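Student:
There are 2 protein chains.
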Amino acid sequence: MTITQSMTPEKKPSRIQLRNRLRILDAALDVFSQHGFRGATLDQISRESGLSKPNILYYFSAKEEIHITLLNQLMETWLDPLIEMDSNGEPLEEILNYVQRKLDMARELPRESRLFANEILQGAPRMAPHLKRDLLPLVDEKCAVIQNWMDQGKLAPTNPRHLMYSIWSTTQHYADFEAQLNIISTDNTYAEAQSYLRHLFTNLLNPT
Amino acid sequence: MTITQSMTPEKKPSRIQLRNRLRILDAALDVFSQHGFRGATLDQISRESGLSKPNILYYFSAKEEIHITLLNQLMETWLDPLIEMDSNGEPLEEILNYVQRKLDMARELPRESRLFANEILQGAPRMAPHLKRDLLPLVDEKCAVIQNWMDQGKLAPTNPRHLMYSIWSTTQHYADFEAQLNIISTDNTYAEAQSYLRHLFTNLLNPT
DNA sequence: TCGTGTATTTACCAAATGGTAAAAAACACG
DNA sequence: CGTGTTTTTTACCATTTGGTAAATACACGA
Numbered sequence: 001m002t003i004t005q006s007m008t009p010e011k012k013p014s015r016i017q018l019r020n021r022l023r024i025l026d027a028a029l030d031v032f033s034q035h036g037f038r039g040a041t042l043d044q045i046s047r048e049s050g051l052s053k054p055n056i057l058y059y060f061s062a063k064e065e066i067h068i069t070l071l072n073q074l075m076e077t078w079l080d081p082l083i084e085m086d087s088n089g090e091p092l093e094e095i096l097n098y099v100q101r102k103l104d105m106a107r108e109l110p111r112e113s114r115l116f117a118n119e120i121l122q123g124a125p126r127m128a129p130h131l132k133r134d135l136l137p138l139v140d141e142k143c144a145v146i147q148n149w150m151d152q153g154k155l156a157p158t159n160p161r162h163l164m165y166s167i168w169s170t171t172q173h174y175a176d177f178e179a180q181l182n183i184i185s186t187d188n189t190y191a192e193a194q195s196y197l198r199h200l201f202t203n204l205l206n207p208t
Numbered sequence: 209m210t211i212t213q214s215m216t217p218e219k220k221p222s223r224i225q226l227r228n229r230l231r232i233l234d235a236a237l238d239v240f241s242q243h244g245f246r247g248a249t250l251d252q253i254s255r256e257s258g259l260s261k262p263n264i265l266y267y268f269s270a271k272e273e274i275h276i277t278l279l280n281q282l283m284e285t286w287l288d289p290l291i292e293m294d295s296n297g298e299p300l301e302e303i304l305n306y307v308q309r310k311l312d313m314a315r316e317l318p319r320e321s322r323l324f325a326n327e328i329l330q331g332a333p334r335m336a337p338h339l340k341r342d343l344l345p346l347v348d349e350k351c352a353v354i355q356n357w358m359d360q361g362k363l364a365p366t367n368p369r370h371l372m373y374s375i376w377s378t379t380q381h382y383a384d385f386e387a388q389l390n391i392i393s394t395d396n397t398y399a400e401a402q403s404y405l406r407h408l409f410t411n412l413l414n415p416t
């Protein structure tokens, strides 16, 4: 695609540009994931990134552009674990691995999980088109795969869509409601979560 | 406690006061549940309630007081379904009824569910003390009950705390992530959810 | 070392925000 | 009806907010 390059002759970003954009996005992820789009302020992002407000607007044309950039990045990360689910794999194992990957993401990327939760809570004003275009067909596809496995007796029959909802909710809960868990939890939460969820979904899906 | 009354000689609120406070709280629930505390504005609440901004501040001394009032009201509603769980009841049925009540709440009070989710997402700055004082001991108590049931062989053994987390997350998900479900869901979501969750937790907890 | 494009700061701005004071209007009630 | 109280409006205010323009400092290749 040399055409694209010649049509938009933007030079490759300098080292400084790359570093500062990363700083800004990192600080913005903190702020947006905690307060949502409207509750977040450029001043907060400015403080946390160490860059002055006009300097931030030198790298991103508006507050919303930072948010959109974060959401775009998020979409890829978000769909990845589901994409990896292999229709040729061993059914139960594939599902349990998916649960594991989602739980790992909750632990390793809690800010991203909360950014997503905030966006959906607000009615997905910026995310809805993405979800319709990317998530919906993916879910349709993978639910069909799961349905197939069930029809073949390789998994106990249940509603594939709601199975997916329950995987999403139980795993993301550990990131999104962390503040609550910190109050009422006593154990090594993620280690226990791992074996509990394994147990939960094995019981549901094991045939025989 | 006539002392209290004589010490704070506030008269009983008039009809107008009652009606307007309700209007404000209803509008505020809309706005806070969608945008969180910081993302919500008095002007929005003003528009939605039909009362002018200074008029709102005649009934509530500050934006934060409206929010706090909502959260206080919420706490009672929120704990109720768990309180109702009866240690003398039939174990599996008690749990399934709890799931049912939580799911009913998600369907009937989605704004309240999202208000709660927003507060926790933001780190529970206003709710944390309430949770520690009211939720924590209640959870401890009910988890002990469940543990007892398991020890007696009336329920299959599993981690009671994480069982509770999974009940919370799966049920609240239908309210909090409604925007997402509207995009990818096809069925009569709540009817399917009901039977799916029943199935999920029965499989997990049924002894034998 | 110099010049040129890149990066950052300084100094702003208009609009929105939470909130106040006081006057005006509506109301309750003897 | 009149009078004291409650409710609502009008007119503000200081601060914060997202954003801009222009001047300045910096990096870096020739």
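Protein chains in written order, with the working numbering: chain A, 1 to 208; chain B, 209 to 416.
Even glycine gets a Cβ: it sits at the ideal position worked out from N, Cα and C.
The model shown is predicted, which means the values in this text are computed figures rather than measured ones.
(1) Once the 5 residues before and after THR171 of chain A are set aside, which same chain residues still bring their CB inside 6 Å of it?
(2) Is the Cβ of SER254 of chain B closer than 9 Å to any Cβ of chain A?
(3) Within 9 Å of any Cβ in chain A, is that where the Cβ of ARG369 of chain B sits?
(4) By alpha-carbon positions, which one of B:GLU284, B:ARG319 and B:GLU400 ends up nearest to ALA383 of chain B?
(5) Rounding to the nearest angstrom, what Cα-Cα distance links LEU18 of chain A and LEU25 of chain A in this structure?
(6) Checking contacts by CB at 9 Å: is TRP376 of chain B closer than that to chain A?
(7) With 16 as the cutoff for other CB atoms within 10 Å, does GLU302 of chain B come out buried or exposed?
(8) DSSP state of ASP86 of chain A, grouped into three classes?
(9) Establish whether the CB of VAL347 of chain B and some CB of chain A are separated by less than 9 Å.
(10) Which parts of the stretch 274-356 of chain B are runs of the alpha helix (DSSP H), unbroken and 4 residues or longer, counting only runs that do not cross its ends?
(11) Does DSSP classify PRO207 of chain A as helix, strand or coil?
(12) In chain order, what residues of the same chain lie with their CB nearer than 6 Å to the CB of ARG23 of chain A, ignoring the 5 residues before and after it?
(13) Could you please tell me which residues of the stretch 89-115 of chain A, in chain order, have their CB closer than 8 Å to any CB of chain B?
(14) Quick check on ARG334 of chain B - is its C-beta less than 9 Å from some C-beta in chain A?
(15) For GLY36 of chain A versus LEU121 of chain A, is the C-beta spacing smaller than 9 Å?
(16) List the residues of chain A whose Cβ lies closer than 7 Å to the Cβ of GLN330 of chain B, in chain order.
(17) Could you tell me the distance, in whole angstroms, from the CA atom of LEU391 of chain B to the CA atom of PRO129 of chain A?
(18) Just to make sure I have the definition right: I need the residues of chain A whose C-beta is within less than 9 Å of the C-beta of HIS381 of chain B. Which are they?
(19) Could you please give the first and the last residue of the uninterrupted alpha helix (DSSP H) stretch that includes SER49 of chain A?
(20) Skipping 5 residues on each side, what residues in its chain have a beta carbon closer than 8 Å to that of PRO289 of chain B?
(21) Closer than 7 Å between beta carbons: that is the criterion. Which residues of the stretch 54-79 of chain A meet it against chain B?
(22) Where does SER52 of chain A fall in DSSP's three states?
(23) Could you say if the stretch 233-242 of chain B and the stretch 266-284 of chain B meet the contact criterion of at least three C-beta pairs nearer than 8 Å?
(24) Tell me the DSSP secondary structure of GLN180 of chain A in three-state form.
(25) Indicate whether GLU192 of chain A and HIS407 of chain B have their beta-carbon atoms separated by less than 9 Å.
(26) Would you grab the beta carbon distance between LEU96 of chain A and THR202 of chain A for me? Rounded to a whole angstrom, and I think it's under 8 Å.
(27) Given a limit of 9 Å on CB to CB distance, which residues of the stretch 178-199 of chain A reach chain B?
(28) Would you please verify whether the beta carbon of LYS142 of chain A is less than 9 Å from any beta carbon of chain B?
(29) Do LEU181 of chain A and TYR373 of chain B have their C-beta atoms closer together than 9 Å?
(30) Does any residue of chain B bring its CB to less than 9 Å from the CB of ASP176 of chain A?
(31) Compute the Euclidean distance between the alpha carbons of LYS350 of chain B and SER295 of chain B, then round it to the nearest angstrom.
(32) Quick check on ALA124 of chain A: buried or exposed, where buried means 16 or more other Cβ atoms within 10 Å of its Cβ?
(33) If the cut is a Cβ gap below 7 Å, which residues of chain B does GLY153 of chain A touch?
(34) If you drop the 5 nearest sequence neighbours on each side, which residues of the same chain put their C-beta closer than 7 Å to that of ILE272 of chain B?
Tutor: So, from the data block:
(1) LYS102, LEU103 and ALA106
(2) no
(3) Under the Cβ criterion of 9 Å, ARG369 of chain B is counted among the residues facing chain A.
(4) For ALA383 of chain B, the nearest C-alpha among the options comes from B:ARG319.
(5) Straight-line measurement puts the Cα of LEU25 of chain A at about 11 Å from the Cα of LEU18 of chain A.
(6) yes
(7) It counts as buried.
(8) coil
(9) yes
(10) 299-316 and 318-329
(11) coil
(12) Cβ-Cβ distances below 6 Å link ARG23 of chain A to SER49 in the same chain, with the five nearest sequence neighbours on each side left out; the list follows chain order.
(13) Against chain B - using a Cβ distance shorter than 8 Å - the residues of the stretch 89-115 of chain A are ARG114.
(14) Chain A, which has no Cβ nearer than 9 Å to the Cβ of ARG334 of chain B, makes this no.
(15) yes
(16) Result: GLN34 and HIS35.
(17) Sequence check: residue 391 of chain B is Ile here, not Leu. Cα-Cα distance, rounded: 9 Å.
(18) TYR165, SER166, TRP168, SER169, THR170, GLN172 and HIS173
(19) 42-49
(20) Excluding the 5 residues flanking it on each side, PRO289 of chain B has same chain C-beta neighbours closer than 8 Å at TYR306, ARG309, LYS310 and MET313, in chain order.
(21) Along the stretch 54-79 of chain A, there is no position whose C-beta sits under 7 Å from a C-beta of chain B.
(22) coil
(23) yes
(24) helix
(25) no
(26) 7 Å
(27) Listed by position, the residues of the stretch 178-199 of chain A near chain B (Cβ gap below 9 Å) are GLU178, ALA179, GLN180, LEU181, ASN182, ILE183, ILE184, SER185, THR186, ASP187, THR189, GLU192, ALA193, SER195, TYR196, LEU197 and HIS199.
(28) no
(29) When the beta-carbon positions are compared, LEU181 of chain A and TYR373 of chain B come within less than 9 Å of each other.
(30) Interface residue, yes.
(31) Cα-Cα distance, rounded: 8 Å.
(32) buried
(33) The premise fails here: GLY153 of chain A is roughly 17 Å from chain B at the closest Cβ pair, so nothing lies under 7 Å.
(34) Per the sequence shown, the amino acid found at residue 272 of chain B is Glu instead of Ile. Within the same chain, GLU272 of chain B has no close Cβ partners at all.
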